[in-house]
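Reading through the structure tokens given below for one structure.
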Amino acid sequence: MSEATSADPRRRLPAVDRLLADPLVRRLEASYGREPVRVQARRALDRLRRRLAGEGAPPSADEVAALPDEIARALEAELGRPLRRVLNATGVLLHTNLGRAPLPREVAARLPELVTASCDLEIDLATGRRGDRAGRVSALVAALAGAEAAIAVNNNAAALVLALATFAAGREVVVSRGELVEIGGSFRIPEILAAAGARLVEVGTTNRTHLADYERAIGPATALLLKVHASNYRVSGFVAEASPADLAGLARARGLPLLCDEGSGLVRPRPEPQLAAETSWSELLSAGCDLVCGSGDKLLGGPQAGLLAGRAELVERCRRHPLYRAMRLDRLRAAALDGVLRRHLAGEPLPLDRLWPEPAAHRARLERMAARLAAAIVPADAFVGGGAAPESPIPGEALALPGSDELAARLRAGEPPVVGYLKGGRLLLDLRTVDAEDDGVLADAVRRAREGVA
Ligand SMILES: *Cc1c(COP(=O)(O)O)cnc(C)c1O
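In the working numbering, the protein residues as written are 9 to 462.
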């Protein structure tokens with residue numbers, strides 16, 4: 009390589025070691041490792057060198073200064089960015105794309121000590137012998153919902169597959185045509201049944217299914233009656249369905265188990281008008297359902313998990329099925345679930361409660377933030393999300409900023425990213441889905457994003 013003269017623009021290009029010593033580039037090593045950072049740094053420098061050698065315009069000083077950012081972008085494109093905290097100002101609390109239920113801070117605060125060392129996940133400390141991983145969940149769900157027993161698995165889809173595989177592999181499951189739903193992503197009741205090896209027997213019509221329809225469909229191959237909460241879908245008008253109590257009566261008379269996929273993990277009834285119509289596990293179990301299943305990270309407010317609760321003998325059969333071993337929780341989620349169930353039991357507040365804030369305190373919070381951000385306060389609906397009560401808006405107010413797609417994009421690109429929503433030519437930020445402790449961080453993020461907008 010010939011020596012560069014002082015007039016030579018090559019002098020502007022840093023040596024690779026100097027580039028690697030740049031503070032931003034060094035921080036990248038923590039996320040991506042030394043070697044991938046070195047490779048991208050060499051590539052970025054080579055691209056500029058080739059341009060100096062005559063391929064295209066020589067690089068400007070700005071391009072040289074932007075080398076660390078370019079390396080960051082290249083690493084991000086190649087290896088993805090680590091998960092980041094996002095401020096959810098969408099007004100939809102259980103936002104599936106944003107990770108569903110936020111964990112209570114008090115529960116999250118206990119996780120580091122439990123997961124950075126060892127914990128008594130499956131040991132009886134009194135005897136030193138092997139303990140029961142499912143025991144805690146079982147006792148807590150029993151106390152909360154009146155189930156005899158319960159187990160936790162990866163998610164509610166897994167809970168349903170496990171129950172179907174345990175009781176109905178190679179046999180028939182009777183389901184109403186009004187409940188053959190698809191719930192986001194790739195969760196479709198007929199496909200879940202097929203995956204579990206069960207045969208679907210459809211009864212009734214899309215809008216009306218009667219108890220007599222189930223009665224007629226029961227035969228020697230019937231293994232189970234299944235009732236599914238339609239979650240994110242409603243049929244209204246001329247509709248009829250068999251109640252859980254009626255189905256439980258029929259199931260008992262025929263010696264079949266009734267499984268209710270409740271979906272959202274509403275363990276006990278809640279008084280808010282938007283949730284009052286949702287049937288909880290305790291109600292389903294006292295109506296005579298043999299098994300209920302639901303998600304840990306919807307209304308329950310815990311980590312991603314599926315819970316299966318009900319009669320002890322049936323839960324035990326599921327626990328002994330080989331698939332349970334493939335679906336059981338690790339200690340990270342077992343710890344979070346345990347903490348959240350205990351808060352339910354103690355009646356402690358949960359992040360879900362933010363959707364129904366104390367009106368005077370919330371108004372004061374909105375006014376404080378509106379003044380800080382020069383924002384307007386406008387009427388806005390919030391939603392529970394996660395398929396629960398989709399047609400039951402929670403009326404209230406949100407902050408409104410003059411803004412467009414560009415501001416929304418800048419907010420998403422900020423640190424931390426903020427996700428709001430556009431309505432009527434304004435950008436709305438609903439504080440009901442933001443922890444009040446994050447108001448300062450939110451205000452700073454919004455300020456930075458707006459300064460960036462011309
Ligand atoms: C959400 C939902 C599921 C799937 O639960 P995951 O925990 O997301 O697997 C299944 N059934 C119903 C009725 C639901 O609402």
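Even glycine gets a Cβ: it sits at the ideal position worked out from N, Cα and C. The structure presented is a predicted model; accordingly, all values stated were derived computationally and were not measured.
Counting along the chain, the unbroken beta strand (DSSP E) around residue 393 starts and ends at 384 to 393. Just so you know, the alpha carbons of residue 77 and residue 455 end up roughly 22 Å apart. When secondary structure is reduced to three states using DSSP, residue 326 falls in the helix class. About 4 Å separates the CB atoms of residue 394 and residue 306; that is less than 8 Å, so the two are in contact.
Distances from the CB of residue 215 to the heavy atoms of ligand 1 are all 6 Å or more.
Residue 247 is positioned such that its CB atom lies no closer than 7 Å to that of residue 206. For residue 226, the three-state secondary structure derived from DSSP is coil. Taking the Cβ atoms as the reference, residue 66 lies roughly 15 Å from residue 75, outside the contact range of under 8 Å.
Secondary structure at residue 337: coil, using DSSP grouped into helix, strand and coil. Beta bridge pairing from DSSP links residue 163 with no other residue.
In chain order, 53, 56, 57 and 72 place their CB closer than 7 Å to the CB of residue 21, counting only its own chain and leaving out the 5 sequence neighbours on each side. Judged by pairs of C-beta atoms under 8 Å, the stretch 253 to 267 does not touch the stretch 372 to 387, as fewer than three such pairs exist. Within 6 Å of the C-beta of residue 400 there is not a single heavy atom belonging to ligand 1.
Relative to ligand 1, the nearest heavy atom lies less than 6 Å away from the CB of residue 164. At a cut-off of 6 Å, the beta-carbon of residue 191 counts as near ligand 1: some heavy atom of the ligand is closer than that. Selection 225, 274 and 88 evaluated against residue 358 yields 274 as nearest (Cα-Cα). Each of 354, 262 and 458 was checked against the Cα of residue 229, and the nearest Cα belongs to 262.
DSSP places residue 79 in the helix class (H, G or I) of the three-state scheme. Between residue 153 and residue 290, the C-beta spacing is below 7 Å.
For residue 65, there is no enclosing beta strand (DSSP E), as DSSP marks it with neither H nor E.
Per DSSP, reduced to three states, the secondary structure at residue 434 is strand. In the assembly as shown, residue 298 is a buried residue. Its beta-carbon has 16 or more other beta-carbons within 10 Å. Counting C-beta atoms within 10 angstroms of its own C-beta, residue 420 has fewer than 16 neighbours from the protein chains shown and is therefore classed as exposed. Runs of the alpha helix (DSSP H) lying entirely within the stretch 255 to 319 and spanning at least 4 residues, in chain order: 289 to 294.
Proximity of the beta carbon of residue 237 to ligand 1 is indicated: a heavy atom of the ligand is located closer than 6 Å. Under the three-state reduction of DSSP output, residue 240 falls in the coil class, being neither helix nor strand. Contact between residue 363 and residue 390 holds, since their C-beta atoms are separated by about 6 Å, short of 8 Å. By a beta-carbon distance limit of 8 Å, residue 169 does not contact residue 293. Their separation comes to about 21 Å. For residue 400, there is no enclosing alpha helix (DSSP H), as DSSP gives it neither H nor E.
Our two residues, residue 43 and residue 208, have alpha carbons roughly 53 Å apart in a direct line.
Residue 197 is a Cβ neighbour of residue 236, given a cutoff of 7 Å.
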